[in-house]
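This report concerns only the one structure given below.
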Amino acid sequence: MTKQTKNEEQDNSEVPRHIAIVMDGNGRWAKKRILPRTAGHQAGVKAVQKVLKRCGERGVDVLTLFAFSSENWRRPVEEVHVLMELFVSTLEEQTETLHENGIRLRFIGDKSAFSEKLQQEISNSEEKTKNNSRLTLVIAANYGGRWDILQAAKKIARDVERGTISADSISLESIDSRLSFPDLPEPDLFIRTGGEYRISNFLLWQLAYTELYFTDTLWPDFNEKSLDLAIEAYAGRQRRFGYTSEQIESGYLKQEMAR
Ligand code: IPE
Ligand code: IPE
Ligand code: MG
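Numbering (my numbering), first residue to last: 1 to 259.
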């Protein structure tokens, strides 16, 4: 099955199975309070806890959070340093609670650029929570949508060199299955906080048919109610995947899926 049909399986259910969030606006939140930008990142961790809890209550299966982009290394070294420290301390403090709540933690992105300590914390938390199935929390760290497609392309090229696949047999599925989370459904709902209307190199391939939602709320102010509002907006959308609304309303998509 290709990812396109995987996404179509979600159909027009009221609650998205997979929500992906660009948590933006921490710096501006801090600036408004005459605090250092890093105070905004610390406040952002609290918003993550609220949203995660609400996702569990609403029956969301997967929550993917953009925590650090492959371009965020361009920021002042002190800010990058504080962010890395925050990742380590949050993992140390929160992994047990996540585990107790049945949450599986997964990381996507190029982990090789992180310190040994952070890489160790990441693999410990992934290992500890790997059998949990209530909700999967995916953290995109040193992640870029272009990087993801690039690494999939390299894997394909290697398989062609080895002769395990031929160039002519490369399909959408070949790319799909080599991306960062081939086993998870594609995001149904994308949320970006902080009032910017862009993807900023987050999931590029996987967002092809995702519903997009933008809010001016700065990430540290985003809470349970804000998430409910986003889910409500999602429930009011009609996902068409190229079909007409008449086809969707007559249950055509379900019949196609059943075939
Ligand atoms: C998002 O908030 C967090 C990260 C990118 C790590 P920002 O730090 O980008 O906040 P603004 O956009 O400067 O307000
Ligand atoms: C996107 O936010 C990355 C994360 C939220 C981690 P940015 O603040 O880095 O995005 P741009 O630079 O404004 O596009
Ligand atoms: Mg920003």
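Backbone N, C-alpha and C fix where the C-beta goes; we use that ideal spot for every residue, glycine too.
Relative to the alpha-carbon of residue i, which residue among the options has its alpha-carbon at the smallest distance?
{"i": "residue 83", "options": "204, 115, 202, 165", "result": "115"}
{"i": "residue 46", "options": "120, 90, 255", "result": "90"}
{"i": "residue 77", "options": "148, 52, 37", "result": "37"}
{"i": "residue 207", "options": "15, 244, 144, 248", "result": "144"}
{"i": "residue 195", "options": "239, 21, 15", "result": "21"}
{"i": "residue 231", "options": "98, 97, 188, 177", "result": "188"}
{"i": "residue 149", "options": "168, 129, 172, 30", "result": "172"}
{"i": "residue 55", "options": "259, 229, 81", "result": "229"}
{"i": "residue 141", "options": "23, 185, 18, 128", "result": "23"}
{"i": "residue 25", "options": "197, 123, 162, 177", "result": "197"}
{"i": "residue 224", "options": "42, 27, 58", "result": "58"}
Under 8 Å Cβ to Cβ from residue i, same chain only, skipping five residues before and after it: list those, please.
{"i": "residue 165", "result": "156, 159, 174"}
{"i": "residue 133", "result": "102, 104"}
{"i": "residue 130", "result": "104"}
One question on the structure: do residue i and residue j come within less than 8 Å of each other, judged by their Cβ atoms?
{"i": "residue 126", "j": "residue 107", "result": "yes"}
{"i": "residue 136", "j": "residue 62", "result": "yes"}
{"i": "residue 71", "j": "residue 201", "result": "yes"}
{"i": "residue 241", "j": "residue 209", "result": "yes"}
{"i": "residue 68", "j": "residue 118", "result": "no"}
{"i": "residue 238", "j": "residue 245", "result": "yes"}
{"i": "residue 110", "j": "residue 73", "result": "no"}
{"i": "residue 51", "j": "residue 181", "result": "no"}
{"i": "residue 179", "j": "residue 153", "result": "no"}
{"i": "residue 249", "j": "residue 234", "result": "no"}
{"i": "residue 185", "j": "residue 29", "result": "no"}
{"i": "residue 19", "j": "residue 139", "result": "no"}
{"i": "residue 128", "j": "residue 97", "result": "no"}
{"i": "residue 17", "j": "residue 60", "result": "yes"}
Would you give the residue range spanned by the beta strand (DSSP E) that residue i belongs to?
{"i": "residue 213", "result": "211 to 214"}
{"i": "residue 184", "result": "Run containing residue 184: none; DSSP gives neither H nor E here."}
{"i": "residue 277", "result": "In the structure as shown, the chain starts at 1 and stops at 259, and residue 277 therefore has no counterpart that could be examined."}
{"i": "residue 108", "result": "103 to 108"}
Can you tell me whether residue i is helix, strand or coil according to DSSP?
{"i": "residue 136", "result": "strand"}
{"i": "residue 20", "result": "strand"}
{"i": "residue 193", "result": "coil"}
{"i": "residue 208", "result": "coil"}
{"i": "residue 58", "result": "helix"}
{"i": "residue 122", "result": "helix"}
{"i": "residue 143", "result": "strand"}
{"i": "residue 179", "result": "coil"}
{"i": "residue 171", "result": "coil"}
{"i": "residue 218", "result": "coil"}
{"i": "residue 112", "result": "helix"}
{"i": "residue 164", "result": "coil"}
{"i": "residue 38", "result": "helix"}
{"i": "residue 1", "result": "Because the pLDDT of residue 1 is 44, which lies under 50, any placement of that residue in the model is unreliable, and the number read from its coordinates should be weighed accordingly. If DSSP states are grouped into helix, strand and coil, residue 1 belongs with coil."}
What residues in its chain sit with their C-beta under 6 Å from that of residue i, if we drop five residues either side in the sequence?
{"i": "residue 257", "result": "none"}
{"i": "residue 1", "result": "The pLDDT assigned to residue 1 is 44, lower than 50, so where the model puts this residue is not dependable; a value taken from the coordinates is nonetheless given after this. Contacts found: none."}
{"i": "residue 216", "result": "195"}
{"i": "residue 13", "result": "none"}
Along the chain, where does the alpha helix (DSSP H) that runs through residue i open and close?
{"i": "residue 227", "result": "224 to 235"}
{"i": "residue 203", "result": "Element bounds for residue 203: n/a, residue is neither H nor E."}
{"i": "residue 87", "result": "77 to 100"}
{"i": "residue 253", "result": "252 to 258"}
{"i": "residue 249", "result": "245 to 249"}
(request) Under 6 Å from any heavy atom of ligand 4, by CB: list those residues in chain order, please. (result) Absence of ligand 4 from the depicted structure is noted, with ligand 1, ligand 2 and ligand 3 being the only ligands included.
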